[in-house]
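**Student:** With the working numbering as the guide, the letters of the sequence shown map in order to residues 5 to 466. Where a beta carbon is used, it is the ideal one built from N, C-alpha and C, also for glycine. Questions regarding the structure given below will be posed in turn.
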Amino acid sequence: MAMDELQSAVTLGAAAAVVAAGLGWQLWRRRTFKPRVYRPNKAVSEDRRDERGAPIPNDTPSKDAVQKSDEVYAFEAVNVKRPTMLAVTAHEGDATAAELFIQRAYKIDREHWRELPVSEFEKRDLSCLFAYVNKLDWVPGSAFERHIYAVSFSPVLEEALKQGYHPRANATAADLQFCCIDENGKQLGEPMLMPDHAWGQTARVHALWCALNPADKPHELAGELFKEVETLKQHLEKLAPHVAALTLRTWQQRVDEIVDLAHDLRRLGPEEGAALERNARTDVIAANMRMEAKRIDDMVAERAKSVHTLEEADEALVHAIAFMHVRELIVRVLRICALMRVIGGDSFEREVHCANHVTSDIAQFTDVRPLLNAVQALAHTSFEDGAARALADSHVEKTGAVYRHSKELLETHDALIEELQQEAGRVQYEIDRCLLCQSRPRRYAVRVSDDGAIEKFFILDV
5 MAMDELQSAV TLGAAAAVVA AGLGWQLWRR RTFKPRVYRP NKAVSEDRRD ERGAPIPNDT
65 PSKDAVQKSD EVYAFEAVNV KRPTMLAVTA HEGDATAAEL FIQRAYKIDR EHWRELPVSE
125 FEKRDLSCLF AYVNKLDWVP GSAFERHIYA VSFSPVLEEA LKQGYHPRAN ATAADLQFCC
185 IDENGKQLGE PMLMPDHAWG QTARVHALWC ALNPADKPHE LAGELFKEVE TLKQHLEKLA
245 PHVAALTLRT WQQRVDEIVD LAHDLRRLGP EEGAALERNA RTDVIAANMR MEAKRIDDMV
305 AERAKSVHTL EEADEALVHA IAFMHVRELI VRVLRICALM RVIGGDSFER EVHCANHVTS
365 DIAQFTDVRP LLNAVQALAH TSFEDGAARA LADSHVEKTG AVYRHSKELL ETHDALIEEL
425 QQEAGRVQYE IDRCLLCQSR PRRYAVRVSD DGAIEKFFIL DV
């Protein structure tokens, strides 16, 4: 009897001990530790100086490069990493075979991003590629943008896309996955599926390339080209009072041909076959313009030798005005031809060669100074050795008017050359910038809102 009571007491005590041990284990397992918050040391004052008076640099400048709040340090103490790059791949979980890379862009490039014209339908169709970009690591005050993301294609895939080839023309975004990459280039966690169910549409990476590819967009110099065409039309209207009707009609036909070529370039684009035919027509127009400039130079030299009377001097001034207007049209036509060859050029060397003509054509501007100098010399001769005393008042007045008008034309001539040189310098700068961008690898970016909606597409012009 006593033995039974002892066994019962031991059993109850053992059961109570087991229950207490289990309860203690659960409490210990669910305990909460307050994370250790790391706070950087205070920066060394920049006013510290050594014995020579030189400032002492900060021993740990990287710790104070970006000031972080206590909440940020508390989050980092948990050791949860955010990715710095997203790799879009069609091979399950294989970031090494990624086709597209997305990361935050640098703030230093902000002023060099040029917006690309992309429709709202294309933006909405490509939003699935940027569904998780807001999860990329970012700290306020860092060197990276908050809403602008740099987009890079795989070098092999980009070369294939430039040649018009894509291996999965009928694939959908459901075949793609996101792989998270940290700052050390290591993959984080498991890949994420792309939120898209558009069956039968063009592959999303290929569609993104079509939206960013500058070859499918208006050329950077297209606006400059049509601006020059409109300026040429305005100067053609000023030519009418100074030339014969037949000459004016000839120039109207030339300008119409230039306008037709410019619109043909915008309509057909830089296709190889059409470009070769268009370039041949452009070269013919440029050659005719240079022949016309040579003819005007010969006429100026010939007329300068035949100024002997006031009537001939007055007629020479009238022709000088016409020569200046026609030569200005020639310079502008040659500039338009150079722009069209750069836009639809068949080779990079040819584009650079045509771009150099923009400035060199100004140096060939018809110089009417010999003609005006001959008119002024005739006016001076009329007043030498007291010859003016024997002249009638009307003759003296006419001689003075001829001399005065020749000086005014000289000032107009110099001002016109200066204006053409300034315009040529501006156009040359735009062409050089465009050619430099063509010689470098293209860099693209996309602006995404906090809600994940695509706002703008960019290309870097630097």
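1) So what's Arg336 in DSSP terms, helix, strand or just coil?
2) Can you tell me whether DSSP reads Thr251 as helix, strand or coil?
3) Which residues bound the alpha helix (DSSP H) around Trp213?
4) Does DSSP classify Ser156 as helix, strand or coil?
5) Do you know how far the Cα of Ala449 is from the Cα of Ala305?
6) Going by DSSP, which residues form a beta bridge with Ile106?
7) Using 10 angstroms around the beta-carbon of Ser410, count the other beta-carbons present and answer buried if the total reaches 16, otherwise exposed.
8) How would you call Trp32, buried or exposed, if buried means at least 16 neighbouring beta carbons within 10 angstroms?
9) Where does the unbroken beta strand (DSSP E) through Gly193 begin, and where does it stop?
10) Can you list, in chain order, the residues of its chain with a C-beta nearer than 6 Å to that of Arg446? Leave out the 5 residues immediately preceding and following it.
11) Identify every residue that forms a DSSP beta bridge with Arg118.
12) Rounded to whole angstroms, what is the Cα-Cα separation between Ile458 and Glu228?
13) Go ahead and pull the three-state DSSP assignment for Val431.
14) Look at Arg331 and Ile300 and say whether their C-beta atoms are less than 7 Å apart.
15) May I have the straight-line CA-CA distance separating Leu440 from Glu194, to the nearest angstrom?
16) On the DSSP bridge list, what partners appear for Tyr448?
17) Assuming Trp213 contacts Phe157 under a Cβ cut-off of 8 Å, what Cβ separation, rounded to an integer in Å, is found between them?
18) Mind checking Met7: buried by the 16 CB within 10 Å criterion, or exposed?
19) How many angstroms separate the CA atom of Ala244 from the CA atom of Thr251?
20) How would you label Gly17, buried or exposed, when you count the other beta carbons within 10 angstroms and need 16 or more for buried?
21) Quick one: is Asn45 buried, meaning 16 or more other Cβ sit within 10 Å of its Cβ, or exposed?
22) Quick one: grab the DSSP three-state call for Gln167.
23) Which same chain residues, not among the five before or five after Leu375, have their C-beta less than 7 Å away from its C-beta?
24) Is it buried or exposed for Asp264, if we count other Cβ within 10 angstroms and need 16 for buried?
25) So the candidates are His312, Ile435 and His329; which of them puts its Cα closest to the Cα of Ala381?
26) Report yes if the C-beta distance between His246 and Ala326 is below 7 Å; otherwise report no.
27) Alpha carbons only, please: which of Ile262, Val379, Glu281 and Leu197 is nearest the one belonging to Asp98?
28) Measure the Cβ-Cβ separation of Val122 and Phe461 and say whether it is below 7 Å.
29) In its own chain, which residues sit with a C-beta less than 7 Å from the C-beta of Asp141, not counting the 5 before and 5 after it?
30) My understanding is that Arg258 touches Val337, with C-beta atoms under 8 Å, so please give their C-beta distance in whole angstroms.
31) I need the straight-line Cα distance from Asp260 to Glu434, nearest angstrom please.
32) In whole angstroms, what separates the C-alpha of Ala78 from that of Glu103?
33) Quick one: what does DSSP say Glu224 is sitting in, helix, strand or coil?
34) If I follow the unbroken alpha helix (DSSP H) through Phe125, where does it start and stop?
**Tutor:** On the basis of the supplied data:
1) On the sequence shown, residue 336 is found 332 positions in, with the first residue counted as 1. Of the three classes helix, strand and coil, the one that applies to Arg336 here is helix, per DSSP.
2) Against the sequence shown, residue 251 aligns to sequence position 247. Helix at Thr251.
3) Your numbering for residue 213 matches position 209 in the sequence shown. From DSSP, the alpha helix (DSSP H) with Trp213 extends over Arg208 to Leu216.
4) Taking the sequence shown and counting its residues from 1, the one referred to as residue 156 is at position 152. It is a strand residue.
5) As a working mapping, residue 305 is identified with position 301 in the sequence shown. As a working mapping, residue 449 is identified with position 445 in the sequence shown. For Ala305 and Ala449, the distance between alpha carbons rounds to 58 Å.
6) The sequence position of residue 106 within the sequence shown is 102, counting from 1. For Ile106, which the question treats as bridged, DSSP gives the partners Leu90 and Val155.
7) Counting from 1 along the sequence shown, the entry for residue 410 is found at position 406. Classification for Ser410: buried.
8) What you label residue 32 is simply residue 28 of the sequence shown in a count that begins at 1. The residue is exposed, with fewer than 16 neighbouring Cβ atoms inside 10 Å.
9) Within the sequence shown, the letter at position 189 stands for residue 193. Note, Gly193: beta strand (DSSP E), Gln191 to Leu197.
10) Sequence index remark: in the sequence shown, residue 446 carries index 442 (1-based). Nothing meets the Cβ criterion.
11) Counting from 1 along the sequence shown, the entry for residue 118 is found at position 114. Its beta-bridge partners are Ile463.
12) On the sequence shown, residue 458 is found 454 positions in, with the first residue counted as 1. On the sequence shown, residue 228 is found 224 positions in, with the first residue counted as 1. Roughly 29 Å between the two C-alpha positions.
13) Mapped onto the sequence shown, residue 431 falls at position 427. Helix, per DSSP.
14) Counting from 1 along the sequence shown, the entry for residue 331 is found at position 327. Counting from 1 along the sequence shown, the entry for residue 300 is found at position 296. Yes; because the gap between Cβ atoms is below 7 Å, this pair is in contact.
15) Position 436 of the sequence shown, counted from the first residue, corresponds to residue 440. Position 190 of the sequence shown, counted from the first residue, corresponds to residue 194. Their Cα atoms are separated by approximately 41 Å.
16) Counted from its first residue, the sequence shown places residue 448 at position 444. In the DSSP output, where bridge partners are listed per residue, Tyr448 has Val155 and Ile463.
17) The count along the sequence shown starts at 1 and reaches residue 213 at position 209. The count along the sequence shown starts at 1 and reaches residue 157 at position 153. Indeed they touch by this definition, with Cβ atoms about 7 Å apart.
18) Taking the sequence shown and counting its residues from 1, one reaches residue 7 at position 3. Exposed, by the Cβ-count rule.
19) Indexing the sequence shown from 1 puts residue 244 at position 240. Indexing the sequence shown from 1 puts residue 251 at position 247. For Ala244 and Thr251, the distance between alpha carbons rounds to 9 Å.
20) On the sequence shown, position 13 is the one that residue 17 refers to. Label assigned to Gly17: exposed.
21) By one-based count along the sequence shown, residue 45 stands at place 41. The pLDDT assigned to Asn45 is 48, lower than 50, so where the model puts this residue is not dependable; a value taken from the coordinates is nonetheless given after this. Asn45 comes out exposed.
22) Stepping through the sequence shown from its first residue, residue 167 is reached at position 163. Note: Gln167 maps to coil in three-state DSSP.
23) In the sequence shown, the residue the question calls residue 375 occupies position 371. The answer, listed in chain order, is Val304, Arg307, Ala308, Ala320 and Ala324.
24) What you label residue 264 is simply residue 260 of the sequence shown in a count that begins at 1. Exposed, since its Cβ has fewer than 16 Cβ neighbours within 10 Å.
25) Taking the first residue of the sequence shown as 1, we reach residue 381 at position 377. Nearest option by C-alpha distance: His312.
26) On the sequence shown, position 242 is the one that residue 246 refers to. On the sequence shown, position 322 is the one that residue 326 refers to. For His246 and Ala326, yes; Cβs fall inside 7 Å.
27) Start at 1 with the first residue of the sequence shown, and residue 98 comes out as number 94. The shortest C-alpha separation from Asp98 is found at Leu197.
28) Residue 122 sits at position 118 when you count from the first residue of the sequence shown. Residue 461 sits at position 457 when you count from the first residue of the sequence shown. Against a cut-off of 7 Å, the Cβ pair of Phe461 and Val122 comes out as a contact.
29) Here residue 141 refers to the residue found at position 137 of the sequence shown. Closer than 7 Å at Cβ, skipping near neighbours: Arg86, Pro87 and Thr88.
30) Within the sequence shown, numbered from 1, the residue matching residue 258 stands at position 254. Within the sequence shown, numbered from 1, the residue matching residue 337 stands at position 333. Their Cβ separation, rounded to whole angstroms, is 7 Å, which keeps Arg258 and Val337 in contact under 8 Å.
31) Numbered from 1 along the sequence shown, position 256 holds the residue referred to as residue 260. Numbered from 1 along the sequence shown, position 430 holds the residue referred to as residue 434. The straight-line gap from Cα to Cα measures roughly 25 Å.
32) The residue you call residue 78 lines up with position 74 of the sequence shown. The residue you call residue 103 lines up with position 99 of the sequence shown. Taking the straight line from one Cα to the other gives about 36 Å.
33) Taking the sequence shown and counting its residues from 1, one reaches residue 224 at position 220. Correct three-state label for Glu224: coil.
34) Counted from its first residue, the sequence shown places residue 125 at position 121. Phe125 -> alpha helix (DSSP H) spans Glu124 to Asp129.
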